[in-house]
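These notes concern the structure reproduced below.
Residue numbers (mature numbering (1 follows the signal peptide of the UniProt record, and there is no 0)): -21 to -1, 1 to 939.
See the structure below:
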């Protein structure tokens, strides 16, 4: 009996564990995880296996348990597209050791309650959308914590002080956030730490001394912050350091001597600082270095010969410094070197032969003063541009079978392009521009079938453009300008369907442009200016909107773009020979007599017919005039009755009718409910007038602007001259002017009616407004740019750009309105302009405030830049808060400086936009809105840039 009792007492603990594992009511893990799941969005049903009916969570996806206790120890849900907040349900997992939720869409702040998970050793919440500061309480009791990563979130605030008390901590990664403040020197007291990554934040101040006490440190990355001062003198105390990255800060001074003790370092990156002095000779003692990047600093002097001791070196980047002398011959001992970049220095002398005798892949020696060159088969990238290389291009260039990019531009190379160039089967980029090459472009160039960019401009090349280029089907850029090429533009060019940029300008090309060129659907530039081309420009595609400057300097070209009509081809008239005869002279004389009678009869008939036609025409015109006068009288009466406003001049002094002119279509309005200027049909008000909607007799809706500048308008003759000129301007991104109405006291402009309203309404009007997709916004921006570019080509300045003057039709096409109205004013007086367009606050260029600066097209560019930012951000140019005025341009510029541009995109897009389009578009908007007019691009350049930014796939699904 005693033996049984002792046996039961010994077995009791194991029975408790067994009961706990079988009874779900005694295991908090199921409940905790179910509560955690309830607060999540799981669009891909990755947590489908999690169900509250299970006794244990140990079989659930992403969950690992201790086999002995069946309690959860690991929760790894990386990259499952989960979103929501990290809920308190996790606090029930009291045996949790690893919490890894990286690469999801979790939002909200980091809960300080995670500190209550006493067993937690690893926290990885990287690559989410967490915000707020890192709670100090999280690290106040962190006895078991080994690794913590909050990288790539939206965290702010400072590094928590309590972090320095985590003595067991081995790895910290807070990179790619917005953490500010200084690095505490107490961080160096965490002796066991092995990896620190605080890169891509807003840290400032100096790197504190004492880092040398971190004997176990292997990786430290403080790159892309705002750190200043010197590199700590005791950095060499980190004997085990393998990777050091202090790049893109504001560090100054020379390299500390202690760095020569970093005998285990394989990666040393100090790029983009203000470090000075010579590159020390002891650099050769760091024999484990594989990557050495000192680029974009202020190092001077010669490159040390000791560099040759770095036998495992793979990548060497000393570019953008002030180094002089020659590239040391000893570098040939760097047997593993794959990439070398010493561009943008002051190096001179001959290029060492060893560069082309080993397996180098990328060689960039541009913008130095080196000379002579040879080639090597192992290269993938060779950039020798902007040097002093001379002589001919060796025929052995064809042996570079693996070369992807070859740039020999801006040298003094002579002779012809070798035919072996066609053997570069893998080459994507070939740039031989700005040299002294002559001869023809070899037909063998067609063998370089992988070419995407071929740039041969600014040479002395002659002969014809080879038709064999059609074999280079991947070509996107073909630049052959400023040579001596002759012959026609080959129609084979039209087979290169990927072409975007073509420049044949300043050559001696002849013939007509092939009609097939209109099939090139991706063209952004086609420049054939200053040649001897002739005939009609192709019609269709890109050529419908081609810039006149791209075809100028070809006197025999004709078409609407060059404003030169093409000669019409008429059938030759039938001419009867009066001396011809089928019989004798007598009969011939008789025939001539009869012929004169017939001719006389026909002449009489023609004269009688013409007189009758003129008489009928006079009667018709008279009747029409009477009818039009009657209709205008009714229209004038309708205007006065429906508007009920007092005009600036007394109506009793006005004639009973005005002058109504329609450029196209019916010249009458529907009477009754749709009388002109009906207040119920008012569309909006602006600096130049009030806009109403009405209907023409032919059923078309039009928008009528009643001008409110009658006291300033010029004479009727000048008014009609300006309006008729504006009426001739036609572009699919400009609102068409259809006609006008004139009396001395009332002037109306009649525009095409755009039913979907203004851009302002789409962006700002009402809480229930529809959110424009990114694709719609990009289309709007590009359309505005094209419309303005067309105006500027006609030497017409808009002056009054704002979102209410940009309309969007039912198809999503944008149309710029109200252009050229300042031409109606007696003079372009700044005071008058400012008063008339005061509603454009925020869009007006700073030139308006400076009497000495000329008003030019750059004013429109400024307004366009503000409009771009308004479209992308969804914010008004100026927002009035309770105690402050927020200017959109300033907000976006600060975001650019802080590296937060993506945050500026309209939150209604919910991050569903292509950053590779949105970020360049925002930067373009800021450039256009520069305070200095000369810094702003021309609108034609803006169009080209936008078309470059735009994703190439036109049929991609719209981002919502």
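By construction, the Cβ of each residue, glycine as well, lies at the ideal position given by its N, Cα and C atoms.
In the three-state DSSP reduction, residue 239 falls in the helix class (H, G or I). Straight through space, the alpha carbons of residue 497 and residue 374 are spaced by roughly 37 Å.
Separation of residue 721 and residue 474 (C-alpha to C-alpha, rounded to the nearest whole angstrom) is 54 Å. Comparing alpha carbon positions, the residue from 176, 171, 149 closest to residue 162 is 176.
Non-local C-beta neighbours of residue 428 in its own chain, meaning closer than 8 Å and more than five positions away in sequence, comprise 404, 450, 451, 452, 453, ordered along the chain. In the DSSP assignment, residue 757 falls within the alpha helix (DSSP H) that extends over 753 to 772. Contact between residue 283 and residue 308 is absent: CB atoms are separated by about 12 Å, not below the 8 Å threshold. Here DSSP, grouped into helix, strand and coil, assigns residue 523 to helix. In terms of CA proximity to residue 675, 732 leads the group 508, 270, 902, 732.
Residue state for residue 341 is assigned as strand, using DSSP reduced to three classes. Residue 726 carries a strand assignment under DSSP once its states are collapsed to helix, strand and coil.
According to the DSSP assignment, residue 305 belongs to no beta strand (DSSP E), since it is labelled neither H nor E. By the Cβ-count criterion, residue 323 is buried, with 16 or more other Cβ atoms from all chains shown falling within 10 Å of its own Cβ.
Closest in alpha carbon position to residue 781, among 799, 764, 739, is 739.
DSSP assignment within the region 129 to 173 yields the following whole beta strand (DSSP E) runs of 3 residues or more, N-terminal first: 133 to 135, 150 to 152. By the neighbour-count definition (other C-beta atoms within 10 Å, threshold 16), residue 413 is a buried residue. DSSP, reduced to helix, strand and coil, places residue 264 within a helical segment of the structure shown.
Counting the other CB atoms within 10 Å of its CB gives residue 329 a total below 16, which places it among the exposed residues. Membership of residue 432 in any alpha helix (DSSP H) is not indicated; the residue belongs instead to the beta strand (DSSP E) covering 432 to 434. For residue 511, there is no enclosing beta strand (DSSP E), as DSSP marks it with neither H nor E.
Annotation: residue 751 to residue 501 spans about 25 Å, alpha carbon to alpha carbon. Using a Cβ distance threshold of 8 Å, residue 793 and residue 834 do not count as a contacting pair.
For residue 299, the closest of 867, 221, 251, 235 by C-alpha to C-alpha distance is 251.
Cβ-Cβ separation between residue 205 and residue 183: approximately 4 Å, consistent with a contact (criterion under 8 Å). From the listed residues 518, 445, 448, 431, the smallest Cα separation to residue 479 is found for 431.
Burial state of residue 508 is buried, judged by a 10 Å Cβ sphere holding 16 or more other Cβ atoms. The straight-line gap separating the alpha-carbon atoms of residue 158 and residue 133 is approximately 9 Å. Taking every protein chain shown into account, the CB of residue 521 has 16 or more other CB atoms within 10 angstroms, so this residue is buried.
Note that the C-beta distance between residue 408 and residue 386 is below 8 Å. Taken through DSSP and simplified to helix, strand or coil, residue 838 comes out as helix. Distance from the Cα of residue 114 is smallest, within the candidate group 139, 466, 97, 234, for 139. A distance below 8 Å between beta-carbons, with the five flanking residues on each side excluded, links residue 787 to the following residues of its chain, in chain order: 733, 735, 736, 737, 738, 741, 759, 793, 794.
Under DSSP, residue 865 shares a beta bridge with 858. Distance from the Cα of residue 363 is smallest, within the candidate group 410, 379, 401, for 410. DSSP, reduced to helix, strand and coil, places residue 720 within a strand of the structure shown.
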